[in-house]
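A.B. asks: According to my numbering, the stretch in the sequence shown is residues 3 to 249, in order.
Ideal Cβ placement from N, Cα and C applies to all residues, glycine included.
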Amino acid sequence: MRYTHAIVVRIPSKVKMEKRIRIDLDLAAKQMEELCETLREAGVDIIELSAEERCIQQSLFTGDAAICINGTALITRPRKNGNRLLEISNLLNQLAWQVVETPQASEHNKEIVLEGSDVLYTGKEVFVGIRKNGTNMEGALIVARTFSDLAVIPITLPGNQPLRHYVSLISADVLAVGSSKEAKQVIQRMEREATFRYKTFTVKHDEAVNCLNVNDYVIYREDTPETACFIIFVISCIIHFFRQILN
């Protein structure tokens, strides 16, 4: 998989949070700048949406807004919509993606819920997490219909967290997985249903799972104890790569 563009939202000075959680927005803005700089180093063009003061928190989650695979962008239908979906859809159109809108209801008049954080594309197949207050089976069917040339596998999740809270793609054929009981249940279900086989890289805290592999750059959080583990993993991949060349 080769990434060319990333759509991000500038962090405003005030955000409407669902719960009374204190967020350091200045730190978040700094971290966003660092992320964008790393993405640029990886050869990705950054498209920034302007900040909207006092927006709802869902407006910042661009990863929930669209599922982009092989030239097709599926605009999702989160249970709690932000107000940037139309902007993102228009941008993807301008980038010459084939844009598909998720309908509000199925043919049987059932509500469709689809959130990008419940979808994991491994480069070979697509896993879709099914959970309470998140993506439902109707949403998974829309993914399967849109990307009909790929195996689309629904995975029932044990709690309210999205699929990519438990599992992410850290490298080709390697999945980063948390150590919690819930994460273990998720990876067991994925291994049982998967068309292809994957190696796993287990981290102690589920929060550390949320990493990205962008054009061979592994981007991970620095505020978890697993930072050193990710560095060791990257070094081991480099050593393995050079061993293959030498052999």
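Over the uninterrupted alpha helix (DSSP H) stretch that includes D28, give me the two end residues.
C.D. replies: Residue mapping note: residue 28 aligns to position 26 of the sequence shown, counting from 1. Looking at the DSSP string, the run of the alpha helix (DSSP H) that includes D28 is L27 to E43.
A.B. asks: Would you check if there are 3 or more beta carbon pairs closer than 8 Å linking the region 188-199 to the region 209-223?
C.D. replies: Not touching, per the Cβ criterion.
A.B. asks: If you follow the beta strand (DSSP E) that I250 is part of, which residue opens it and which one closes it?
C.D. replies: Any property of residue 250 remains undetermined from this structure, which presents the chain solely from 3 to 249.
A.B. asks: Evaluate I25 with the Cβ neighbour count: other Cβ atoms within 10 Å of its Cβ, from every protein chain shown; 16 or more gives buried, anything less gives exposed.
C.D. replies: Here residue 25 is taken as the residue at index 23 of the sequence shown, counted from 1. Exposed, by the Cβ-count rule.
A.B. asks: If you measure from the CB of C38, is any heavy atom of the ligand MG nearer than 8 Å?
C.D. replies: In the structure shown, the ligand MG is absent, as is every other ligand, since no ligand is present at all.
A.B. asks: Mind checking who I9 pairs with in its DSSP beta bridge?
C.D. replies: Position 7 of the sequence shown, counted from the start, is the residue given in the question as residue 9. The partner list for I9 (beta bridge, DSSP) reads I49.
A.B. asks: Give a yes or no on whether the C-beta atoms belonging to I114 and E140 are separated by under 9 Å.
C.D. replies: Within the sequence shown, residue 114 is the residue found at index 112, counting from 1. Within the sequence shown, residue 140 is the residue found at index 138, counting from 1. Yes, these two residues count as a Cβ contact at 9 Å.
A.B. asks: Inspect the beta-carbon positions of D120 and I132 and report whether they are closer than 9 Å.
C.D. replies: Numbered from its first residue, the sequence shown carries residue 120 at position 118. Numbered from its first residue, the sequence shown carries residue 132 at position 130. Yes, they are a contact pair.
A.B. asks: Under the three-state reduction of DSSP, which class applies to S181: helix, strand or coil?
C.D. replies: In the sequence shown, the residue the question calls residue 181 occupies position 179. In the structure shown, S181 sits in coil (DSSP, three-state: anything other than H, G, I, E or B).
A.B. asks: Between the C-alpha atoms of L116 and Q106, what's the straight-line distance to the nearest angstrom?
C.D. replies: Residue 116 sits at position 114 when you count from the first residue of the sequence shown. Residue 106 sits at position 104 when you count from the first residue of the sequence shown. If I take the Cα positions, the gap works out to 10 Å.
A.B. asks: Given a cut-off of 9 Å, decide if L94 and I77 are closer than it, judged by their beta-carbon atoms.
C.D. replies: Along the sequence shown, read from residue 1 onward, the residue named residue 77 stands at position 75. Along the sequence shown, read from residue 1 onward, the residue named residue 94 stands at position 92. Yes, Cβ-Cβ distance for I77 and L94 is below 9 Å.
A.B. asks: Does the beta-carbon of T202 have 16 or more other beta-carbons within 10 angstroms, so that it is buried, or is it exposed?
C.D. replies: Taking the first residue of the sequence shown as 1, we reach residue 202 at position 200. Looking at its Cβ environment, which holds fewer than 16 other Cβ atoms inside 10 Å, T202 is exposed.
A.B. asks: Short of 6 Å in beta carbon distance, which residues of its chain neighbour M3, apart from the five on each side in sequence? Order them along the chain.
C.D. replies: Residue mapping note: residue 3 aligns to position 1 of the sequence shown, counting from 1. Excluding sequence neighbours, M3 sits near G125.
A.B. asks: In this structure, how does DSSP classify S238 when only helix, strand and coil are distinguished?
C.D. replies: Taking the sequence shown and counting its residues from 1, the one referred to as residue 238 is at position 236. With a pLDDT of 48 at S238, under the threshold of 50, the modelled position of that residue is not reliable, and the figure given next carries that caveat. Helix, per DSSP.
A.B. asks: Does DSSP put V205 in a helix, a strand or coil?
C.D. replies: Taking the sequence shown and counting its residues from 1, one reaches residue 205 at position 203. Correct three-state label for V205: coil.
A.B. asks: Can you give me the start and stop residues for the alpha helix (DSSP H) that A142 sits inside?
C.D. replies: Within the sequence shown, residue 142 is the residue found at index 140, counting from 1. Where A142 is concerned, the enclosing alpha helix (DSSP H) stretches over M139 to T148.
A.B. asks: Give the C-beta separation of R12 and E50 to the nearest angstrom, bearing in mind that I take them to be a contact with Cβ-Cβ under 8 Å.
C.D. replies: On the sequence shown, residue 12 is found 10 positions in, with the first residue counted as 1. On the sequence shown, residue 50 is found 48 positions in, with the first residue counted as 1. Contact holds; Cβ gap of about 6 Å.
A.B. asks: Which class does Q60 belong to by DSSP, given the choice of helix, strand or coil?
C.D. replies: Within the sequence shown, numbered from 1, the residue matching residue 60 stands at position 58. Here Q60 sits in helix by DSSP.
A.B. asks: Among L29, V179 and W99, which one has its Cα closest to the Cα of K16?
C.D. replies: Residue numbering aside, residue 16 sits at position 14 when the sequence shown is read from its first letter. The shortest C-alpha separation from K16 is found at L29.
A.B. asks: Identify, in the order they occur along the chain, each residue of the same chain with its Cβ nearer than 8 Å to the Cβ of V10, setting aside the five sequence neighbours on each side.
C.D. replies: As a working mapping, residue 10 is identified with position 8 in the sequence shown. Counting only Cβ-Cβ distances below 8 Å, and skipping sequence neighbours, we find M34, L37, C38, I48, I49, E50, L51 and T64.
A.B. asks: If I'm right that T137 touches V102 with Cβ under 8 Å, what's the distance once you round it to whole angstroms?
C.D. replies: The residue you call residue 137 lines up with position 135 of the sequence shown. The residue you call residue 102 lines up with position 100 of the sequence shown. Their Cβ separation, rounded to whole angstroms, is 16 Å, which puts T137 and V102 out of contact at 8 Å.
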